[in-house]
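Report on the structure given below.
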Amino acid sequence: MSAGGHHYDHHQYAYAVAPARGRWPAAYLTVVGLLAGCGALIDAIAFFVSIFATDDCSSQNPAFRCTTAGILTMLGLPWLGLALAVAASVVPGLVVHRGGGSPWWFLPLGAALYVASLGGTWLVMTS
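Going by the working numbering, the sequence shown opens with residue 1138, and the numbers climb by one from there.
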C-alpha cells in the first residue's frame, strides 16, 4: 500500500491529458484541410475553364472578361476566395476553441466565402 511511508495513487498519475481548451482541434483542422484540397481541385478546373472564356474576345466584343483586369479577376478570384475561406474558418475557429467554444460554426462561413468567389468568377467568365 505504501512504499517508504508514501502513499501512491496510480490512478491519479496514470495519464496526464491536457484540458480540451489547450489542445488543437485536430478533427476540425483535418476537415478544413480536406475541404481546402477539394477547393484547390475546383480552382484548377475553374482555371482551365476560364482559359476558354476568352475565346471570343476581339475588338468587336469588348467584354470585361477580355480586358486585363477581367482576365486577372478570373484567374485570381477563386484562389483568393480559397485563401480567405481557409483563414475565415481557421483563425476565428481556433480563437473560439481556445475559449472553450466549438470551431465548427466557422466552417459554413468559410464555405460561403469560397462559393461567393466562385460565383464572382462565373459572373466574370460570362460577362
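All residues carry an ideal CB built from backbone N, CA and C; glycine is no exception.
Euclidean distance between Cα positions of threonine 1204 and glycine 1238: Linking threonine 1204 to glycine 1238 through their CA atoms gives a straight-line distance of about 46 Å.
Contact set for glycine 1257: own chain, Cβ-Cβ below 6 Å, skip 5 residues either direction: The residues are Leu1214.
Alpha-carbon to alpha-carbon, isoleucine 1188 and alanine 1248: Between alanine 1248 and isoleucine 1188, the C-alpha separation is close to 25 Å.
Simplified DSSP assignment, three categories, for serine 1195: Residue state, collapsed to three classes: strand.
CB contact flag (isoleucine 1208, threonine 1191, <8 Å): Isoleucine 1208 is a Cβ neighbour of threonine 1191, given a cutoff of 8 Å.
Integer-rounded CB distance, given that serine 1226 should sit under 8 Å from valine 1169: Approximately 5 Å separates the beta-carbon atoms of valine 1169 and serine 1226; this is inside 8 Å, confirming the contact.
Residues near leucine 1212 in its chain [Cβ-Cβ closer than 8 Å; skip 5 each side]: Non-local C-beta neighbours of leucine 1212 in its own chain, meaning closer than 8 Å and more than five positions away in sequence, comprise Phe1184, Ser1187, ordered along the chain.
DSSP state of arginine 1202 mapped onto helix, strand, coil: Helix at arginine 1202.
Reduced DSSP category for proline 1162 - H, G, I as helix; E, B as strand; rest coil: Looking at proline 1162 - three-state DSSP - the assignment turns out to be coil, as it is neither helix nor strand.
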